[in-house]
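A short write-up of the structure that comes next.
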Amino acid sequence: MAGKSGRTIDATPKTSIKSRVLSWESGLIVIFIAVLIFGSIVSKSFTFSNVLREMPKYLSELFMMYAMGFILVIAEIDISVGAIVCLAGTMTCFANRAGAPLIVQIIVCIGVGFLCGCLNGVIATHFQELPTMIITLGTQIIFRGIAEVSMGSGGSVSLSDTMGFAKIGGMVGPFPIAFFLIIIAAVIFIFVLSRTTFGRKMYAVGSNRTAALYAGIPVQKIRQICFTLVGTMAGVCALFLLATSFGANTTTGQGFEMDVIAMCVFGGIATTGGKGNLVGATIAGFTIVCLRIALGQLNMSGQTILVIIGILLIVSALIPGINQSVKNRRKAIAAK
Amino acid sequence: MNQKKSLWKIITGSREVSLLLILIVMLIVVQILSRGTFLTPTNIGQIFRNNALTMLMALGMLCVMLTAGIDISITSTLAFTGMIIGMLQKRAGFTNTFALFLLAALIGIACGFLNGLIISKGHLAPIICTMGFMYIWRGLAYVVSNNQWASGADVAKFAEFGKDGSVGPYIILIIAYVVFFIVMKWTTFGRRIYAVGSNADAARVSGINVDRVLIQVYTIMGLLAGLAGALSVSIYASAQPNMQYGKEMDVIAACVIGGTSMNGGRGSVVGTFLGALFYAVLAKALPLVGLDSIWQNLIKGVVVLAVVLINVLTQRTMDRAALERREM
Numbered sequence: 012m013a014g015k016s017g018r019t020i021d022a023t024p025k026t027s028i029k030s031r032v033l034s035w036e037s038g039l040i041v042i043f044i045a046v047l048i049f050g051s052i053v054s055k056s057f058t059f060s061n062v063l064r065e066m067p068k069y070l071s072e073l074f075m076m077y078a079m080g081f082i083l084v085i086a087e088i089d090i091s092v093g094a095i096v097c098l099a100g101t102m103t104c105f106a107n108r109a110g111a112p113l114i115v116q117i118i119v120c121i122g123v124g125f126l127c128g129c130l131n132g133v134i135a136t137h138f139q140e141l142p143t144m145i146i147t148l149g150t151q152i153i154f155r156g157i158a159e160v161s162m163g164s165g166g167s168v169s170l171s172d173t174m175g176f177a178k179i180g181g182m183v184g185p186f187p188i189a190f191f192l193i194i195i196a197a198v199i200f201i202f203v204l205s206r207t208t209f210g211r212k213m214y215a216v217g218s219n220r221t222a223a224l225y226a227g228i229p230v231q232k233i234r235q236i237c238f239t240l241v242g243t244m245a246g247v248c249a250l251f252l253l254a255t256s257f258g259a260n261t262t263t264g265q266g267f268e269m270d271v272i273a274m275c276v277f278g279g280i281a282t283t284g285g286k287g288n289l290v291g292a293t294i295a296g297f298t299i300v301c302l303r304i305a306l307g308q309l310n311m312s313g314q315t316i317l318v319i320i321g322i323l324l325i326v327s328a329l330i331p332g333i334n335q336s337v338k339n340r341r342k343a344i345a346a347k
Numbered sequence: 002m003n004q005k006k007s008l009w010k011i012i013t014g015s016r017e018v019s020l021l022l023i024l025i026v027m028l029i030v031v032q033i034l035s036r037g038t039f040l041t042p043t044n045i046g047q048i049f050r051n052n053a054l055t056m057l058m059a060l061g062m063l064c065v066m067l068t069a070g071i072d073i074s075i076t077s078t079l080a081f082t083g084m085i086i087g088m089l090q091k092r093a094g095f096t097n098t099f100a101l102f103l104l105a106a107l108i109g110i111a112c113g114f115l116n117g118l119i120i121s122k123g124h125l126a127p128i129i130c131t132m133g134f135m136y137i138w139r140g141l142a143y144v145v146s147n148n149q150w151a152s153g154a155d156v157a158k159f160a161e162f163g164k165d166g167s168v169g170p171y172i173i174l175i176i177a178y179v180v181f182f183i184v185m186k187w188t189t190f191g192r193r194i195y196a197v198g199s200n201a202d203a204a205r206v207s208g209i210n211v212d213r214v215l216i217q218v219y220t221i222m223g224l225l226a227g228l229a230g231a232l233s234v235s236i237y238a239s240a241q242p243n244m245q246y247g248k249e250m251d252v253i254a255a256c257v258i259g260g261t262s263m264n265g266g267r268g269s270v271v272g273t274f275l276g277a278l279f280y281a282v283l284a285k286a287l288p289l290v291g292l293d294s295i296w297q298n299l300i301k302g303v304v305v306l307a308v309v310l311i312n313v314l315t316q317r318t319m320d321r322a323a324l325e326r327r328e329m
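Chains as they are written, first to last, in our numbering: chain L, 12 to 347; chain S, 2 to 329.
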């Protein structure tokens with residue numbers, strides 16, 4: 012039945028085989044496999060073990076992607092995560108140089124991310140009139156500014172004791188440790204978003220914030236939690252970035268915010284909120300990582316991939332709209 | 002209701018006036034702290050020259066933000082056009098300054114038109130569409146560069162136009178600001194942009210072709226970004242694929258300080274000018290008052306955040322005052 016707003020409300024959940032096969036996620040799987048085949052054709056060193064070995068360099072961004080998925084689902088945006096990665100990485104380097112034990116360094120790294128995210132959340136919940144884009148634009152400059160000031164005129168800082176971080180960036184069998192943690196994070200985040208009341212509340216906030224408020228959902232609490240979470244995950248990302256780069260400079264994490272948002276959108280999460288899920292985002296994230304590895308092995312300039320990511324992003328964002336207009340046209344013809 | 006507005010109301014009510022006052026106070030303080038070495042003709046000239054790109058693109062960003070959109074692809078467009086301009090001179094020996102600027106403008110228009118087309122006809126969120134093109138143009142800039150830079154002797158003749166002491170960049174800035182001031186204030190086209198931004202549905206019902214306005218707005222943004230690309234090559238006498246990376250946020254920040262609302266419909270050319278100038282003076286003044294240049298970003302960020310937060314707080318007080326008056 013079409014309601015007043017033109018939306019249809021079906022009592023039966025749509026889980027037919029046809030809708031499963033034609034879903035966004037299965038399309039992504041096809042693209043993922045295509046990328047793997049493409050990689051193994053164009054590059055001889057694109058083997059299972061090689062890909063896994065090169066993965067840690069690109070994996071750290073994925074940690075943020077899940078939390079960014081939450082942020083996008085509640086129809087917000089956070090462009091300060093790249094700067095948070097920079098700040099957390101810088102502070103951890105200082106802790107490392109001061110001779111703090113590894114566990115303290117890890118706490119510093121994630122703690123800095125937590126605090127930054129918390130700050131974003133506090134401003135976002137106390138100044139609700141402001142679009143979060145502006146808030147995080149301001150905090151982005153501030154976070155990176157703090158990192159620049161503490162790094163001094165040299166503009167970079169490196170770890171003095173790389174033992175602990177070499178272990179974090181190490182391998183278990185053929186798999187990097189980061190890979191396992193990403194899978195665990197994926198399971199937790201996907202579960203929370205799709206199978207818990209908290210996840211459903213996030214969708215409610217994202218599709219209509221006012222309606223969610225009147226339905227008794229603590230909107231501001233959810234926003235605060237999501238912003239804190241994305242900051243914390245940026246801290247985790249910084250940790251694994253340090254494990255491959257062993258240092259930070261003023262450009263660390265530059266552009267990460269756009270990368271993770273692009274992965275989420277490519278994975279089918281709409282920036283307008285309330286749509287998409289993290290299964291798609293996970294596949295999209297791994298697709299882009301594998302594409303980067305393949306092109307990297309081809310000795311292609313790392314920047315050429317930007318063109319491909321850009322095209323993927325625009326096309327993947329355009330398809331749902333085109334789909335909708337085709338459906339609408341069919342409906343209009345049927346109504347006649 | 003023909004009351005005379007009190008002075009206090011004029012100051013707090015208009016973003017332009019309050020910004021101008023803050024700017025004047027800041028200039029006086031810096032002038033005293035730097036013992037009169039700040040406000041010299043050379044310094045003032047440099048403030049404008051060093052920030053010509055931000056100031057130029059802020060005008061386009063104003064139009065885009067007035068329609069409740071955003072364009073983060075501008076610095077990539079800048080790099081793409083700048084790279085083509087630079088490589089034309091390096092590889093083809095093409096050095097006609099006017100023709101190169103014209104070409105840059107045309108490339109910019111094409112880039113902006115694509116943005117506008119996809120955003121209006123494809124109903125894509127502006128941030129997503131422009132993010133996509135941010136990647137594409139930046140990547141193409143690298144492709145065009147083919148791991149080479151154009152600098153020094155390659156662009157020597159072109160750099161004459163924007164070199165220190167030349168009036169070229171100032172002329173472009175003055176023309177752009179005068180034209181935009183007139184267009185935004187006194188032409189139907191300018192008012193249409195405001196109408197679309199305040200309420201797109203109402204604008205559509207009242208006969209405005211919203212899609213066309215959107216395309217025009219993004220095309221203008223592209224035009225300015227393309228011009229800024231040529232100007233950048235001319236001013237800095239070099240073309241690199243990573244030029245102005247991440248600086249789109251500076252442009253947005255300048256607009257926001259100038260009172261442009263991200264929800265559309267609010268903002269002015271004068272405000273944008275003052276916002277960009279404020280940002281520029283801040284950057285120039287910090288070293289003179291004894292702060293290292295590494296403090297620049299931190300202070301810029303605090304200022305941006307403080308301005309938007311104070312804006313919200315004054316708006317709330319004004320709303321409350323208006324409500325109280327109505328209840329009486």
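Where is the CB? At the ideal position from N, CA and C, for every residue including glycine.
CA-CA distance, T78(S) to Q241(S), rounds to 13 Å. Interface annotation, Q231(L): not in contact with chain S, CB-CB separation never under 8 Å. Residue burial annotation: I48(L) is exposed, with fewer than 16 other C-beta atoms found within 10 angstroms of its C-beta. S164(L) reaches chain S at D293, I295, counting residues in chain order whose Cβ is nearer than 8 Å. Looking only at I333(L), I322(L), V337(L), S336(L), the smallest Cα-Cα distance to L115(S) is reached by I322(L). Judged by their CB atoms, G109(S) and L224(S) are nearer to each other than the 8 Å cut-off. Close partners of K301(S) in chain L (Cβ separation under 8 Å): I152, G156. Across the stretch 119-145 of chain S, CB contacts with chain L closer than 9 Å involve I119, G123, H124, L125, A126, I128, I129, C130, M132, G133, F134, M135, Y136, I137, W138, R139, G140, L141, A142, Y143, V144, in sequence order along the chain.
Close CB contacts of C301(L) within its chain, under the 8 Å cut and outside five residues either way in sequence, are with F43, V46, L47, G50, V62 (chain order).
With respect to chain S, the C-beta atom of V160(L) has a partner C-beta closer than 8 Å.
No Cβ-Cβ contact shorter than 8 Å links A53(S) with L278(S). Within the stretch 241-273 of chain L, the residues whose Cβ lies closer than 8 Å to any Cβ of chain S are, in chain order, Q265, G266, M269, I272, A273. With contacts defined as CB atoms closer than 8 Å, F57(L) and A222(L) fail to qualify as a contacting pair. By the neighbour-count definition (other C-beta atoms within 10 Å, threshold 16), N264(S) is an exposed residue. Note on geometry: alpha-carbon atoms of N298(S) and G166(S) lie some 28 Å from one another. Fewer than three pairs of CB atoms, one per stretch, sit closer than 8 Å, so the stretch 105-113 of chain L makes no contact with the stretch 264-271 of chain L. The Cβ of M144(L) sits closer than 8 Å to at least one Cβ of chain S. Residues of the stretch 234-255 of chain S that bring their beta carbon within less than 8 Å of a beta carbon in chain L comprise P242, Y246, G247, M250, I253, A254, in sequence order. Remark: C-beta atoms of L215(S) and I128(S) do not approach each other more closely than 8 Å. For N51(S), the uninterrupted alpha helix (DSSP H) segment begins and ends at 42-51. Contact check for L39(L) against A295(L) passes: the beta carbons are separated by less than 8 Å. V270(S) is positioned such that its CB atom lies no closer than 8 Å to that of F190(S).
At a Cβ-Cβ threshold of 8 Å, V326(L) and E36(L) do not count as neighbours. In this structure, DSSP gives N61(L) a helical state, which the three-state scheme calls helix. Secondary structure of N288(L) (DSSP, three-state): coil.
For S60(L), same chain residues with a beta-carbon under 8 Å away, outside a window of 5 residues either side, are P185 in chain order.
Here the stretch 151-166 of chain S lies against the stretch 86-99 of chain S, with 3 or more beta-carbon pairs under 8 Å apart.
The beta carbon of Y214(L) sits closer than 7 Å to the beta carbons of V84, G285 from its chain, once the five residues preceding and following it are set aside; these are given in chain order. Counting only the Cα atoms, V252(S) lies some 19 Å from G93(L). Annotation: the continuous alpha helix (DSSP H) that includes A197(L) extends over 188-206.
For Q149(S), the closest C-alpha among the options M84(S), R213(S), A203(S) is that of M84(S).
A direct Cα-Cα distance of roughly 13 Å separates I236(L) from I134(L). With respect to the 8 Å criterion, F238(L) and G132(L) are classified as neighbours on the basis of their beta carbons. For C256(S), the closest alpha carbon among the candidates K248(S), T273(S), L228(S) is that of T273(S).
A151(S) is bridged by DSSP to A240(S). With respect to the 8 Å criterion, A78(L) and L125(S) are not classified as neighbours on the basis of their beta carbons.
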